[in-house]
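**Q** Residue numbers for the sequence shown, in the UniProt record's numbering: 1 to 332.
Glycine included, every Cβ here is placed at the ideal spot set by N, Cα and C.
I'd like to ask some things about the structure below.
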Amino acid sequence: MSIYKEIEEKIKSASNIIITAHKSPDGDSIGASLGLLNFIEKLGKNASVCHPDPAPEFLYWLDTSSILFMTEESENITDLFQKADLIFSLDYNATDRVGPEMQVLLEQSEAEKIMIDHHLNPAEFADIMVSETKASSTAELIAELIIESGNEDLLNEQIGIPLYLGIMTDTGGFRFSSVTPRTHEILAKLLKVGVQHHLIHELLNDNNTLSRMRLQGYAMSEKLLVMDDFKVGIIGLAKEELNRFGYQKGDTDGLANQVLSIRGMRVAIVFTERDGMMKISFRSKGEDYVNVLAAEHFDGGGHANASGGRSDLPVEETIQKLMKLVPKYFTK
């Protein structure tokens, strides 16, 4: 029996299913969660989607009303975890990625756990692990689950829209090297069942607020530091700067890609002061890998060309630390 068929059987035999994803959700974690939820419902079962915190505002066009948030419904979610007999862990590979409150519930639960993820170096916390680091996204893996378990006929627009969103956002609009012929085959299947890809692109990309555009303009014009010799661009935004522009979750998403879009730029590092720390996004092209730098110096990691990390230093000290490390990790 294939692993995807085994997962289908687990779904059909479970009574209380929970779908979880990582803290600070993105298009892939939201898309994979809703795609899986809709598939489970097509199998005639019910599930609860429990996330640590809400999605960023630019994803509100997607129907997220079925998602419960730990920040708002902790008692309800605690009760669901206590009753659960099957828990899905989507788009994360270590329990600390769901935040401290949900981490306790996840680790204490006696439910069977299934991890579906595409990040490097997974922790051994799940009973069934689908860890495909070469996959473009977790949403692509959910599509594979549906197809390879023999349920491709269940694919419809409701399942396809969030899965398309997840694949699109985690591949930078299909521009990253993680996109394969199989990725496009899956996208074709989603289009065939009614997904209108152009509307998803419009809803996602033509959804900026004035404050978001002003913040990103300020970041690019006033805060971008370029290390020309190494083709590295760095942006650091302090809490007071974010507040000045009425920052909302997700407002700085895409900044790193804007930096990378500059001719000749090879590495982009963007960090913002949130939750008492600097949250860092590392992006790069080609063989200028950023995951090692993130892991060795910023308590992070991820994909070779797309990683995250953190710093407990103030903005200027974080910038100085990065500037000292860049020559050690990137060539001229």
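If we require 3 or more residues per run, which beta strand (DSSP E) segments fall completely within the stretch 164-215?
**A** none
**Q** Apart from the five residues on each side of it in sequence, which residues of its chain come closer than 6 Å, Cβ to Cβ, to N16?
**A** Counting only Cβ-Cβ distances below 6 Å, and skipping sequence neighbours, we find K83, A84 and D85.
**Q** Here's the rule I'm using: 16 or more other beta-carbon atoms within 10 Å means buried, otherwise exposed. How should V292 be labelled?
**A** exposed
**Q** Could you check if N243 is buried or exposed, using at least 16 other CB atoms within 10 Å of its CB as the buried criterion?
**A** exposed
**Q** State the CB to CB distance for the pair K223 and L210, rounded to an integer number of angstroms; the pair is presumed to be in contact (CB under 8 Å).
**A** K223 to L210, Cβ: 19 Å. No contact.
**Q** From G300, E240, E273 and N205, pick the residue whose C-alpha is nearest to that of Y92; which is it?
**A** G300
**Q** Quick one: give me the first and last residue of the alpha helix (DSSP H) that F39 is part of.
**A** G27 to K42
**Q** Nearest to I161 by CA position, among V179, P181, I186 and N46, is which residue?
**A** I186
**Q** Can you give me the C-alpha to C-alpha distance between V195 and G264, rounded to a whole angstrom?
**A** 36 Å
**Q** If you measure between the beta carbons of L163 and A135, is that distance less than 7 Å?
**A** no
**Q** With a CB to CB cut of under 8 Å and the five nearest residues on each side skipped, what residues in its chain are close to E316?
**A** G236
**Q** What does DSSP give as the partner residue(s) for G250 in the beta ladder?
**A** None; G250 has no bridge partner.
**Q** Please report the straight-line C-alpha distance between A139 and F39, rounded to a whole angstrom.
**A** 12 Å
**Q** Please tell me whether H51 and A21 are closer than 7 Å, where the distance is taken between their beta carbons.
**A** yes
**Q** When we look at the beta-carbon of H303 and count the other beta-carbons within 10 Å, is it buried (16 or more) or exposed?
**A** Only buried fits H303, as 16 or more other CB atoms lie within 10 angstroms of its CB.
**Q** Considering just the uninterrupted stretch of the alpha helix (DSSP H) at I142, what are its terminal residues?
**A** T138 to E148
**Q** Can the beta-carbon of K113 be found less than 7 Å from the beta-carbon of D96?
**A** Taking the C-beta atoms as reference points, D96 is found no nearer than 7 Å to K113.
**Q** May I have the straight-line CA-CA distance separating P331 from D228, to the nearest angstrom?
**A** Per the sequence shown, the amino acid found at residue 331 is Thr instead of Pro. Those two C-alpha atoms are separated by around 11 Å.
**Q** Please check the pair P327 and F230, which I expect to be a contact at CB under 8 Å, by giving their CB distance rounded to whole angstroms.
**A** 7 Å
**Q** In whole angstroms, what is the alpha-carbon distance linking G268 and A295?
**A** Per the sequence shown, residue 268 should be read as Ala rather than Gly. Those two C-alpha atoms are separated by around 16 Å.
**Q** Out of curiosity, what's the CA-to-CA distance linking G286 and D79?
**A** 46 Å
**Q** Which residues share a DSSP beta bridge with L237?
**A** Note: L237 sits in a beta bridge opposite T272.
**Q** Between residue 360 and L190, what straight-line distance do the alpha-carbon atoms span, to the nearest angstrom?
**A** Any property of residue 360 remains undetermined from this structure, which presents the chain solely from 1 to 332.
**Q** Given G254, which residues of its chain have a CB within under 8 Å of its CB, disregarding the five upstream and five downstream residues?
**A** Q216
**Q** Under 7 Å, do A55 and I18 count as touching if we go by C-beta distance?
**A** no
**Q** Would you mind giving the Cβ-Cβ distance between S74 and D53, rounded to the nearest angstrom? I have them listed as a contact below 8 Å.
**A** Between D53 and S74 the Cβ distance is about 11 Å, and since that is not below 8 Å, they are no contact.
**Q** If you follow the beta strand (DSSP E) that V259 is in, where does it begin and where does it stop?
**A** Element bounds for V259: not the beta strand (DSSP E) but the alpha helix (DSSP H), L255 to L260.
**Q** Mind reading off the beta-carbon distance from I280 to G308? Whole number of angstroms is fine, and I expect it under 8 Å.
**A** About 6 Å; that satisfies the 8 Å criterion.
**Q** Which same chain residues, not among the five before or five after N156, have their C-beta less than 6 Å away from its C-beta?
**A** V193
**Q** Considering only their Cβ atoms, is the gap separating H118 from E107 smaller than 7 Å?
**A** no
**Q** Which term fits Y60, buried or exposed, when burial requires 16 or more other beta carbons within 10 angstroms of its beta carbon?
**A** exposed
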